[in-house]
Amino acid sequence: MKVIMSGNEAIARGAYEGGARFASAYPGTPSTEILENMPQYGADVYSEWAPNEKVAAEAAIGASIAGVRSFCAMKHVGMNVAADPIYTFAYTGVTGGFVIVVADDPGQHSSQNEQDNRNTAKAARLLMLEPADSQEAHDFMKKAFALSEKMDMPIMMHVTTRVCHSKGIVELGEREEVAVPDYEPKIAKYVTVPANAKKLRATLEDRIAAARAFACDCEFNRVEMGDTKIGIVTSGVSYQYAREVFGDDASYLKLGLTHPFPADLVKDFCSKVDKVYVIEEMDPYLEEQIKALGIDCLGKDVVPKFDELNSDKVRKAFLGTEPETYKSDKEVVVRPPALCAGCPHRGLFYSLAKRSKKQPLMITGDIGCYTLAAAAPLNALQTCICMGGSLSTGHGASIAMRNAGKDTKVCSVLGDSTFFHTGINSLTDAAYNKGSNLNIILDNRITGMTGHQQNPGTGFTLMGEPATEVDIPALCKAVGIKEENIKIVNPNHLDEVEAALDELLPKDEPTVLITRWPCVLKKFSQQDIDEFPTLHKTQCKIDQDKCKNCKVCVKTSGCPGLINTKDAVTIDVTSCNGCTVCKQICPFDAIEEVTL
Amino acid sequence: MSEVKNILLVGVGGQGTILASKILTSGLMKAGYDVKMSEVHGMSQRGGSVSTQVRYGDKVYSPIVGRGSADVIVAFEKMEALRWLDHLKIGGKMVVNDFQINPLSVNLGQAEYPEGVLEELGKFCEVQAFKAAEIAKELGNPKAMNVVLLGALVKSIGGLDDIDWDAEVEANVKPKFAELNKKAFHAGYEL
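Same order as they appear, the protein sequences are chains A and B.
596 is the number that the numbering used here gives the last residue of the first sequence; the numbers go up by one with no jumps.
1191 is the number that the numbering used here gives the last residue of the second sequence; the numbers go up by one with no jumps.
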């Protein structure tokens, strides 16, 4: 059967067909939909959201050691979090086939950096597959489990945003059922004390050599001979751009298994063509290894070294031509994303923004929708380094400020899912080492930015089962935050927020403020409806007789539900969610809350 | 081998470009074409500019529509049409929803929404502009605006009349919205 699938949907389907029985991930664009598409394949393929990528990788490693085919999935920066177990798992090898899907984001569509994790496959000594479209994503994933078992190596399935999020036609197959063996302890393989690990390091070289030989003669790597004046070595989605530009006017070595590097195959191909072009996104991963073979080739001297590649860029790089286009002189206004109307983060950041005008405040931020608070008009977030990093960067800054005699107070802000990811460790550090920052946990009852995934605080699992919830205030207390230093507020009630900030900010010890109100876009659970009864039940309305058109509501909240024209401010009924932040801001009492 | 056709659907996060492109690609696949579609998820959903790129023909390689190559661009918001004008093929067509959504900076008074967008587009290419939300509203729900635009897009692309679009609409929307969306598709197609 043929269906249209995104690369992520195809990976999920390939895992199902390949006999996977365990999957774990932490959501992250562009990888999120892989695990979101697993529950449809039923209980035979257990799938879960882990609190972070390291935990996801370790859980999948455990399942492999227990003998079942397993995988974990993550965005590129998640690979950094998961690196510790993965580097060692390369030594031990697998029992059940194991795949780590790593989704790079060239061009940083939705990421804080751009990193080429093909380098990680090389550094960690993983066997790496690079599909170029949805069909290959499906086929490679399906075959990866058996290949992992055959080579006794974990496999990195390396994908990029365009493979993950573009759709193509996929021919589906049947699931391959693989029996689960009885567990047998393999101490010399899995207990990596130095005596064992040193032997494993040596056998890993043998496994790499075997995989390299396989790579030179396997279905994942193929030669497409056309005109031999130009020979193109390429992998992943870059192959599509190369084909688009050169068509049959070149020959192609289309690589799908790129670590271990198939040196003999590359040498053979290059010997058959006059000139060698290397077309790849981001780093010169293939190019450096081709040059190390003594082969002259043209790659990153002309192809951009960063940002997402496309056919236009390939054409410009090698042919020097650009398409003819229409050009208008009219200026178009940029349209960046913004916090939604009714976003529960707005009230908190409005209060922080106001306060930062009165007292010196450093506000450390994190990865989530709330990073948008850095933009105008809120301008209330000053750092964003990595997932879970806000509390620890805030802790370090608070100690540095205190010891230097500065009176700048530090607030650190992160979401509920981010707190569970790695923020708990950071809060423990602040409590243990007597920090003085205010740690703000924005509990919007869901993992918001990636599109509403359950997490350990929401009461549900990925597979839809009810689950225990982390009790955030109790957890904060357990790691050493004093009970009187923990406050919970409704962020839509500015007076509550102000009172909590008044109380917690002056303290010279670590404090916690939890804002608890659901993301307005989430699908509400019964518990949400019971706990937050006014959700979507009210809207705000401007009384035009009282409104002085001062625009303070628009210009301080930045709410997209407020429509600003020269003559008046109005509220868009299709987007207002009744958070009432504008009503509380209005200096003329001109905004009222109406029940729907 | 038939030439690959390039279609761009552009708009603002939340306007329903993804559903429209899903119906389009599903119909194209059933008609026997190779199809690729590309969209970017994540932060751009939060009221930012969004685009969905659809390519179809006998064999499609790249999932991305390059500059100067789109046969038809359908813009769910008029300034987005202007933003993507450089992606239109010389001689290509635009289907534009005469609808304005102010970016935050315009709302804050830091920038001005460009005036005369439709006239500007008309200097370059054939533009079919109409108020899709009003048409959808008359049919019962302004949210069906995206399917009205899809109907106009399919007509504008041309050569796709053999596809059973009613069936594709039905397969991709909730049953209770099927009739409304079928009407919306035809309303757009008949414009």
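Glycine residues also receive a C-beta, built at the ideal position from the N, C-alpha and C atoms.
Counted within 10 angstroms of its Cβ, other Cβ atoms place residue i as buried (16 or more) or exposed
i	result
B:Met1001	Reliability of the predicted coordinates at B:Met1001 is poor, the pLDDT of 46 falling under 50, and the value obtained from them is presented with this limitation in mind. Looking at its Cβ environment, which holds fewer than 16 other Cβ atoms inside 10 Å, B:Met1001 is exposed.
B:Glu1112	exposed
A:His536	exposed
A:Ser412	buried
A:Val594	exposed
A:Asp443	buried
A:Thr574	exposed
A:Met1	exposed
A:Phe588	exposed
A:Ser111	buried
A:Ile187	exposed
A:Tyr91	buried
A:Ala400	exposed
A:Phe246	buried
A:Glu219	exposed
A:Cys550	exposed
A:Pro510	buried
B:Lys1078	buried
A:Lys566	exposed
Beta bridge counterpart(s) of residue i as assigned by DSSP
i	result
A:Met156	A:Ile100 and A:Met128
A:Phe22	A:Tyr46 and A:Ser70
B:Ala1129	B:Val1096
A:Ala431	A:Ala431 is not bridged to any residue.
A:His259	A:Met128
A:Val538	The question names Val, but residue 538 of chain A in the sequence shown is Thr. Note: A:Thr538 sits in a beta bridge opposite A:Thr595.
A:Leu309	A:Leu309 is not bridged to any residue.
A:Tyr190	BP columns for A:Tyr190 are empty, so no partner.
B:Ala1075	B:Val1010 and B:Val1096
A:Thr460	The amino acid occupying residue 460 of chain A in the given sequence is Phe; Thr does not appear at that position. According to DSSP, which records beta bridges pairwise, A:Phe460 is partnered with A:Pro466.
B:Tyr1056	B:Lys1005 and B:Val1035
Residue j beta carbon less than 9 Å from that of residue i
i	j	result
A:Phe310	A:Tyr241	According to the sequence shown, residue 310 of chain A is Asn rather than Phe. For A:Asn310 and A:Tyr241, yes; Cβs fall inside 9 Å.
A:Leu391	A:Asp429	yes
A:Cys519	A:Cys384	no
A:Tyr41	A:Phe22	no
A:Gly231	A:Cys270	yes
A:Arg125	A:Gly97	no
B:Gly1068	A:Thr325	yes
A:Leu348	A:Pro491	yes
A:Glu176	A:Lys150	no
A:Leu494	A:Val581	yes
A:Asn439	A:Val512	yes
B:Ala1081	B:Leu1121	yes
A:Leu596	A:Cys340	no
B:Val1148	B:Val1173	no
A:Leu361	A:Val410	yes
B:Ala1144	B:Asn1181	yes
A:Ile585	A:Asp572	no
A:Ala132	A:Gly226	no
A:Pro337	B:Gly1016	no
B:Pro1142	B:Ala1152	no
A:Ser24	A:Lys75	no
A:Val159	A:Gly7	yes
Inter-residue CB distance, residue i and residue j (contact presumed, cutoff 8 Å)
i	j	result
A:Phe318	A:Tyr350	No, A:Phe318 and A:Tyr350 are not in contact; Cβ-Cβ is about 51 Å, not under 8 Å.
B:Leu1009	B:Ala1020	6 Å
A:Ile591	A:Cys540	5 Å
B:Ile1163	B:Lys1030	7 Å
A:Val3	A:Leu147	A:Val3 to A:Leu147, Cβ: 25 Å. No contact.
A:Thr258	A:Arg118	6 Å
A:Glu17	A:Glu174	7 Å
A:Ile65	A:Thr95	5 Å
A:Leu427	A:Gly368	16 Å between Cβ atoms; not a contact.
beta-carbon residue i near the ligand HEM non-hydrogen atom, thresh 8 Å
i	result
B:Asn1172	The ligand HEM is not part of this structure, which contains no ligands at all.
| request: Mind the definition here: the stretch 1049-1059 of chain B touches the stretch 184-204 of chain A only if three or more C-beta pairs lie below 8 Å; say whether that holds. | output: no
| request: Decide yes or no for the touch test of the stretch 296-311 of chain A against the stretch 131-139 of chain A: beta carbon pairs closer than 8 Å, at least 3 of them. | output: no
| task | Answer yes if the stretch 536-555 of chain A comes into contact with the stretch 1107-1124 of chain B, meaning at least three C-beta pairs across the two stretches below 8 Å, and no otherwise. | result | Yes, the stretch 1107-1124 of chain B is in contact with the stretch 536-555 of chain A.
| request: Taking 8 Å as the threshold, find out whether the stretch 469-487 of chain A comes into contact with the stretch 414-424 of chain A through three or more Cβ pairs. | output: Judged by Cβ distances under 8 Å, the stretch 469-487 of chain A makes contact with the stretch 414-424 of chain A, as three or more pairs qualify.
| query | Using 8 Å as the Cβ pair cut-off and three pairs as the minimum, do the stretch 154-172 of chain A and the stretch 1030-1037 of chain B touch? | reply | yes
| field | At least 3 beta-carbon pairs within less than 8 Å: the stretch 1113-1128 of chain B vs the stretch 1173-1185 of chain B | value | no
| said: Would the stretch 1063-1077 of chain B count as touching the stretch 1092-1101 of chain B if we require 3 or more Cβ pairs under 8 Å? | reply: By the Cβ rule, the stretch 1063-1077 of chain B counts as touching the stretch 1092-1101 of chain B, because three or more pairs are nearer than 8 Å.
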